[in-house]
Amino acid sequence: MTNSNTTIIRPVYYRIVERRGNGWAFKEGEPFINWFNAPSLSQEDLFALFGTSMSKVAVELFRINGGKQGYYVADILGKLYYYCGAEWEDVKTKLKELGIGRPDPF
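Here is the structure:
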């Protein structure tokens with residue numbers, strides 16, 4: 050059973066990244082639906098598919114907020130990067146601002 054407080058549904062090209070100490074933690078998550086039965090890709094292969102890499106994204110994330118601790122969203126399709134905030138809930142808020150997701154009906 051999933052916890053609605055921690056579950057986020059997003060397109061595959063939106064990647065959630067957490068700044069921890071001096072490093073970046075790229076969140077993988079679990080596929081929700083796979084319409085075309087596409088094989089799972091490693092994170093490195095997924096980033097390469099969209100013409101970037103995890104290290105290039107980390108540089109861009111650092112640039113937007115000086116590497117401040119917390120959560121970030123990277124749109125690796127559109128090459129757009131966002132700082133969300135220090136809490137997991139901030140990720141949900143940012144995605145909603147970007148038109149992804151909707152308020153929980155319960």
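Per my numbering, the very first residue in the sequence shown carries number 50; after that it's consecutive. Don't be surprised by glycine CBs; every beta carbon is placed ideally from N, CA and C. Since we're looking at a predicted model, the values are computed, not measured.
Note that the segment 115-132 touches the segment 59-76; at least 3 beta-carbon pairs, one per stretch, sit closer than 8 Å. Per DSSP, the continuous beta strand (DSSP E) segment holding E67 begins and ends at Y63 to R69.
Residue nearest to E77 within the set F85, N86, T56 and W84 is T56 (criterion: CA-CA distance). When Cβ pairs closer than 8 Å are counted between the two stretches, the segment 109-117 is seen not to touch the segment 75-94, the count staying below three.
Pairing R69 with K117, the inter-Cα distance amounts to about 9 Å.
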